[in-house]
Structures are given as C-alpha cells and as structure tokens.
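Participant: Please read through the structure below; I'll follow up with questions.
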Amino acid sequence: VVTYTTLIDGLGKAGKLEEAVSLLREMEKQGCEPSVVTYSSLMASFARRDQLEESLSFYDEMIRKGCIPDVATYSLVINCLCRSNDVEKALEAFGRMKEESWEPSLGIYKTLLDALVRDEKIHLALQIFHELEGSSLVPDTFVYNVVVNGLVKSNRVDEACKMVDSMKSRNISPDLITYSSLLDGLGKAGRLEEAFSVFTKMSEEGCEPDVVAYTSLMDVLGKGGKINHALTIFRTMTKKNIAPDAVTYSSLLDSLGKEGRVKEAQEIKRIRFLANQENP
RNA sequence: UAGAUUGGAGC
C-alpha cells in the first residue's frame, strides 16, 4: 500500500493525474486496499490543478469504500467546497469532522471564515470565530484580517474597529492588510477623517502604506467629494516612488469623470500613458 | 497526503 501510495503521490505532484488514477485502479485490481493517505494524496493533486469536482469524487469514493477520512482529508474537502462556493456543504463537512472528534486546524478556520465572508454570512462567520476563540488554537493576524474584512464588507465598521483593538490587546499585531481593510471600511462609510487617521497611524506603526492602501484612500476621498485631496495623495504617492497600478488609475479617472474634471483626467491619462511606455 | 485562505477601482 505504501509503495503504491508513494508512486501515486509522485505522479499526482508531477501533474500526471490520469496515470495516478490508473495506478489506483491497478492497485485495487491487485487486491491492495487504498488507504486514507492514498485518497487524500489524489484529492490534493486534483485540487492543486483546480479540478475540484474530481477531487471531491475521490472523497465520495473513499467513503463508499468504508475508508475513514482524517484531518488532512477534511481539510482538503472543506477547501474544495469553499473554492466551489458551496459553503453549506463545507459547513456540513466541518460539523462532521468535529463529531468525529477531529481538531480543525487554524487553516481550516481561515478557509471557512473567508468563504462565509464572501458568501455574506457574517453572522455565521462570527459564530465560527467565537468557536475558534474557545478552542486551544491561537488566532493569528490572518484570521483576524478575514473577520475584520467581513465586518467591513457588512458595513459593521465599528465592530471592525473593536476587533482590531481586541487583537492588539491580545498582542496580535495588525498588519498592512488589517489597516487597509479598516481604512477602506471607514472611507466607504463616509468617515473620511477616521479613514485618514488610520492611514497616518499605520505608517507610525511601521506598516508603510502600499499601492493598495494609497488607492483605497484616494478612492474614498474621490467618491466622498474630496477629489482635490485625492489628487494630492496621488502626488504624494508618486513622490514616494509607489507606482500606481491599473486600479489606481481606474478609480481616480472614475472620480474625476463623475465630477466633470476633464482637464485633470487628461493629465492623469497622460501620466498613465507615460508610465506604460516606460514599463510595458 | 500539507494543501488552501485575507485589503483597493471600474465593468
């Protein structure tokens, strides 16, 4: 079994999926029962190449054959289901693994929380997050970021701010992504002053704003009628040698267009053209 | 078998 599994794993990692599957059939024909590792390895190989349904089909197959899934298998199943936007089934699998007394990993929580946020199920996400807090796992910046982003996307910016406070009090450092989410949320809620103060504070705390943070700030300023301020930020960004990207231009041009600022829009387009010339 | 998952615009 181990020999076959090792070979199947090797084939799968090399992207030779059909060959891996034929070897599985071959080992069965030889009366060799594939193990949970064999199936999980195949699932991982298919998932790696975005063949989610195929990956899940091996899960079904192992269950049919009475093979018991382990944590790694569940992790793969939940990943696949979340990536196919089937959060309900992912939650079911999550419930099943807990019933079977498997300890979900932090990675599983991250995947599941993110999927819930994308599916606009913030309530469930918070519930799962609570569960995580009650477990022996230690949440990291990444998990907090997922939840902060979820709160922001559901227009619950105050709770997002509280979440950031609570991570600090637990000595989990907010990072560039945490602050960018928060800045974006505050800005989209029309709280421009606070958004700007997050922007200032982040550099003070050693998180230098990147192109995403700058763009986000400019975007909310532009949409909030502070287009001149947005243009100032654009210049600051250039001075700091942070290259605007396609999203930066698109956001700025959109705001300028809506305000009828044709001259400035032309100027920005010229800058974009020149930048594209230099950096094709 | 250890993968996958977090922030910005328009459409």
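For the first sequence, my numbering begins at 979 and goes up steadily by one. Here a beta-carbon is modelled for each residue, glycine too, at the ideal position from N, C-alpha and C.
How about ASN1133 and SER1159: do their beta carbons lie closer than 8 angstroms?
Facilitator: No, the pair does not count as a contact, with Cβ atoms beyond the cut-off.
Participant: Would you grab the beta carbon distance between MET1180 and PRO1187 for me? Rounded to a whole angstrom, and I think it's under 8 angstroms.
Facilitator: Sure, about 6 angstroms apart at Cβ, within 8 angstroms.
Participant: Please list the terminal residues of the continuous alpha helix (DSSP H) segment that includes ALA1253.
Facilitator: Unbroken alpha helix (DSSP H) run through ALA1253: 1240 to 1256.
Participant: CA-CA distance, GLU1171 and ASP1162?
Facilitator: Their backbone Cα atoms lie some 12 angstroms apart in a straight line.
Participant: Excluding five sequence neighbours on each side, which residues of the same chain lie with their C-beta closer than 6 angstroms to the C-beta of LEU1234?
Facilitator: Within the same chain, LEU1234 has close Cβ partners GLU1242 and ALA1243.
Participant: Using 8 angstroms as the threshold, is the C-beta distance between VAL1198 and GLY1165 below it?
Facilitator: Yes, Cβ-Cβ distance for VAL1198 and GLY1165 is below 8 angstroms.
Participant: Between VAL1095 and GLU1070, what straight-line distance do the alpha-carbon atoms span, to the nearest angstrom?
Facilitator: In a straight line, the C-alpha of VAL1095 is about 17 angstroms away from that of GLU1070.
Participant: If you drop the 5 nearest sequence neighbours on each side, which residues of the same chain put their C-beta closer than 7 angstroms to that of MET1005?
Facilitator: TYR982 and PRO1012.
Participant: Helix, strand or coil for ILE1150, going by three-state DSSP, please let me know.
Facilitator: The answer is coil: DSSP assigns ILE1150 none of H, G, I, E or B.
Participant: So, are the CB atoms of LEU1230 and ILE1220 less than 8 angstroms apart?
Facilitator: No, Cβ-Cβ distance for LEU1230 and ILE1220 is not below 8 angstroms.
Participant: Where do the N-terminal and C-terminal ends of the alpha helix (DSSP H) with GLN1105 fall, by residue?
Facilitator: Here the alpha helix (DSSP H) through GLN1105 covers 1100 to 1112.
Participant: With 16 other CB atoms within 10 Å as the buried threshold, where does GLY1044 fall?
Facilitator: Classification of GLY1044: exposed, given that the 10 Å Cβ count is below 16.
Participant: Does the stretch 1097 to 1113 come within contact of the stretch 1145 to 1160, defined as at least 3 CB pairs closer than 8 angstroms?
Facilitator: Contact between the stretch 1097 to 1113 and the stretch 1145 to 1160 is absent, because fewer than three Cβ pairs lie under 8 angstroms.
Participant: Quick check on DSSP: helix, strand or coil for ILE1211?
Facilitator: Note: ILE1211 maps to helix in three-state DSSP.
Participant: Roughly how many angstroms lie between the CA atoms of GLU1182 and ASP1028, to the nearest whole one?
Facilitator: Approximately 41 angstroms, taken between the alpha carbons.
Participant: For LEU1104, count neighbouring Cβ atoms within 10 angstroms of its own Cβ and tell me buried if that reaches 16, exposed if not.
Facilitator: LEU1104 comes out buried.
Participant: From GLY1200 to MET1215, what does the alpha carbon distance come to, in whole angstroms?
Facilitator: About 15 angstroms.
Participant: Taking the alpha-carbon positions, what's the ASP1223 to MET1141 distance?
Facilitator: Taking the straight line joining both Cα atoms gives about 30 angstroms.
Participant: Roughly how many angstroms lie between the CA atoms of LYS1218 and LEU1091, to the nearest whole one?
Facilitator: Each residue's alpha carbon lies about 35 angstroms from the other.
Participant: Is VAL1055 buried or exposed, if buried means 16 or more other CB atoms sit within 10 Å of its CB?
Facilitator: Under this definition VAL1055 is a buried residue.
Participant: Which of the three DSSP states, helix, strand or coil, is assigned to ARG1134?
Facilitator: Coil at ARG1134, not helix or strand.
Participant: I think ALA998 touches SER1023, with their Cβ atoms under 8 angstroms apart; what is that distance to the nearest whole Å?
Facilitator: The Cβ separation is near 6 angstroms, so the contact holds.
Participant: From VAL1014 to GLU1256, what does the alpha carbon distance come to, in whole angstroms?
Facilitator: Those two C-alpha atoms are separated by around 53 angstroms.
Participant: Consult DSSP for ASP1092 and reduce its assignment to one of helix, strand or coil.
Facilitator: Looking at ASP1092 - three-state DSSP - the assignment turns out to be helix.
Participant: Give every residue of the same chain whose Cβ lies closer than 8 angstroms to the Cβ of LYS994, excluding the five residues on either side of it in the sequence, and list them in chain order.
Facilitator: So the list is empty, once near-sequence residues are dropped.
Participant: Should VAL1176 and THR1226 be called a contact, given that it needs their Cβ atoms to be closer than 8 angstroms?
Facilitator: In this structure, THR1226 does not lie closer than 8 angstroms to VAL1176 by Cβ.
Participant: Tell me which residue opens and which closes the alpha helix (DSSP H) that VAL1176 is part of.
Facilitator: Taken as a continuous stretch (DSSP letters only), the alpha helix (DSSP H) holding VAL1176 covers 1170 to 1182.
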